[in-house]
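Participant: The sequence shown begins at -19 in my numbering and counts up by one.
For glycine and all other residues, C-beta sits at the position ideal for the given N, C-alpha and C.
Values in this document were obtained by computation on a predicted structure and should not be read as measured data.
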Amino acid sequence: MTTTLRTAAELHARTRAGRRAVVMTMGALHEGHATLVRTARAIAGPDGEVVVTVFVNPLQFGQGEDLDRYPRTLDADVKIAEQAGADVVFAPSVDEVYPGGEPQVRISAGPMGERLEGGSRPGHFDGMLTVVAKLLHLTRPDVALFGQKDAQQLALIRRMVRDLNFGVEIVGVPTVREEDGLALSSRNRYLSPKERRTALALSQALFAGSDRHAAQEALRARAREVPATRARAEALSAIGESRAAADAHAVAKAVPGAAAAVRAAARLVLDEAARLDPPLELDYLALVDPSDFTEITDHEDEYIGEAVLAVAARVGTTRLIDNIPLTFGAAS
-19 MTTTLRTAAE LHARTRAGRR AVVMTMGALH EGHATLVRTA RAIAGPDGEV VVTVFVNPLQ
41 FGQGEDLDRY PRTLDADVKI AEQAGADVVF APSVDEVYPG GEPQVRISAG PMGERLEGGS
101 RPGHFDGMLT VVAKLLHLTR PDVALFGQKD AQQLALIRRM VRDLNFGVEI VGVPTVREED
161 GLALSSRNRY LSPKERRTAL ALSQALFAGS DRHAAQEALR ARAREVPATR ARAEALSAIG
221 ESRAAADAHA VAKAVPGAAA AVRAAARLVL DEAARLDPPL ELDYLALVDP SDFTEITDHE
281 DEYIGEAVLA VAARVGTTRL IDNIPLTFGA AS
């Protein structure tokens, strides 16, 4: 039986033997959140404790954003949390989290917080980090779990925990998608059937970029195996083997422009969606280094390492984000 608590004092009074794993949410729970809770249950083990926080943080909503519109469904949230294995739902009031009103001292997200989502939503990440820090203090977990769908948020939380010496382990959990590929989000409920069809372009664009990336990486691997590809292509052309020569030329050109090719494949899908009814209004498409969310430029032909292909767009009045992780130059 899941217990619902409203104050930190009630939570601190609980006896715990094992590890405490916390999943932070703003409510309106769905299968993505349930996956986080199930993962937390596995990490905490039978002797540990899983706490799900439900708190709609006003600091994360900018002017004109949907704070009042954001769904509050606590009874349903408790049921989902319980079914997924939570021991406690911690649902504090605004006064419990911010007893003196809006805090005058806040955590700054720094340069990373001004990129992508931060550029579109000024101050959002400062508010997010401030409440995450507060909830880490209020819940006192050993481990906290966050979804990879909010990749920039996850990166900033990891940076905050490292830079400010929080004694907590941060675990990222892969994005959960519906059968048609749309990433699960509390905001999906705002989409009309026609808007939802348009919104599928976000995940379709990411998958197109991922497919192009896989093809580029396969060519990159072949280029490592056959270093004389360009000479081989010219020789094949000389004897009339045009198809084999074209393939060899493709291998020779595999590494240069890899980032540009990934972006171009994704943008083609998004450009088509911009002509739909209703149209998709693109906010950004970016290929970034996940450590600091700086852009991987088209000129970084030799880029090796992890990357995130991220997209944000508006369909009707609903703004959606999605991303997919990629690895460039995997060892042969």
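Along the chain, where does the beta strand (DSSP E) containing I301 start, and where does it finish?
Facilitator: Residues T298 to F308.
Participant: From the DSSP output, in three-state form, read off P313 for me.
Facilitator: In this structure the chain extends from -19 to 312, so residue 313 is not present and cannot be described.
Participant: Distance, Cα to Cα, V87 vs G107?
Facilitator: Contrary to the premise, residue 87 reads as Ile rather than Val in this sequence. If I take the Cα positions, the gap works out to 8 Å.
Participant: Please list the terminal residues of the continuous beta strand (DSSP E) segment that includes I150.
Facilitator: Segment E149 to V153, the beta strand (DSSP E) holding I150.
Participant: Pick out the complete beta strand (DSSP E) segments inside the segment 139 to 195, 3 residues or longer, and give them in chain order.
Facilitator: Entirely contained in the segment 139 to 195, the beta strand (DSSP E) runs reaching 3 residues are, in chain order, 149 to 153.
Participant: Please report the distance separating the alpha-carbon of E29 from that of A(-7).
Facilitator: Their backbone Cα atoms lie some 13 Å apart in a straight line.
Participant: Measuring only the C-alpha atoms, how far is L306 from Q128?
Facilitator: C-alpha separation (whole angstroms): 13 Å.
Participant: Please say whether L162 and A179 have beta carbons closer to each other than 8 Å?
Facilitator: Going by C-beta atoms, A179 is nearer than 8 Å to L162.
Participant: Look at the Cβ atom of A248, then the Cβ atom of A188, and state whether they are nearer than 8 Å.
Facilitator: For clarity, residue 248 is Leu in the given sequence; the question names Ala instead. Contact flag set, yes.
Participant: With a cut-off of 8 Å on the beta carbons, I'd call Q132 and E97 a contact; round off their distance for me.
Facilitator: Indeed they touch by this definition, with Cβ atoms about 5 Å apart.
Participant: Checking contacts by CB at 8 Å: is P121 closer than that to chain B?
Facilitator: Among the protein chains of the structure shown there is no chain B, as only one such chain exists.
Participant: Would you please state the rounded distance, in angstroms, between the beta carbons of R192 and A240? I believe it to be under 8 Å.
Facilitator: Incorrect: roughly 10 Å between the Cβ atoms, too far for contact.
Participant: With DSSP run on the structure shown, which of helix, strand or coil describes G285?
Facilitator: Residue state, collapsed to three classes: strand.
Participant: As a quick exercise: from V123, Q196 and F70, pick the residue whose alpha carbon is nearest that of A(-12).
Facilitator: Closest option to A(-12), Cα to Cα, is F70.
Participant: Quick check: the segment 114 to 130 against the segment 144 to 161, are at least 3 beta-carbon pairs closer than 8 Å?
Facilitator: Result yes; three or more Cβ-Cβ pairs closer than 8 Å.
Participant: How about the segment 49 to 57 and the segment 2 to 14: do they share at least three Cβ pairs that are nearer than 8 Å?
Facilitator: Because the criterion of three Cβ pairs below 8 Å is met, the segment 49 to 57 and the segment 2 to 14 touch.
Participant: Kindly indicate which residue of V242, I150 and R176 has the alpha-carbon position closest to the one of I313.
Facilitator: In the structure as shown, the chain begins at -19 and stops at 312. Residue 313 is therefore absent and cannot be evaluated.
Participant: Specify the secondary structure class of L216 as computed by DSSP and reduced to three states.
Facilitator: Because the pLDDT at L216 is just 49, under 50, the model does not fix this residue reliably, and the value given afterwards should be weighed accordingly. In this structure, L216 counts as helix in the three-state DSSP scheme.
Participant: Between which two residues does the alpha helix (DSSP H) holding G12 run?
Facilitator: Where G12 is concerned, the enclosing alpha helix (DSSP H) stretches over E11 to A24.
Participant: Determine the DSSP secondary structure at M4, reduced to helix, strand or coil.
Facilitator: Note: M4 maps to strand in three-state DSSP.
Participant: Look at P102 and G42 and say whether their C-beta atoms are less than 8 Å apart.
Facilitator: Contact flag set, yes.
Participant: Out of T33, R(-14) and Y50, which has the shortest C-alpha to C-alpha gap to M4?
Facilitator: Residue T33 is the option with its Cα nearest to M4.
Participant: Go to L(-9), then tell me how far its alpha helix (DSSP H) extends in each direction, as first and last residue.
Facilitator: L(-9) -> alpha helix (DSSP H) spans A(-12) to H(-8).
Participant: Helix, strand or coil for T110, going by three-state DSSP, please let me know.
Facilitator: If DSSP states are grouped into helix, strand and coil, T110 belongs with the helices.
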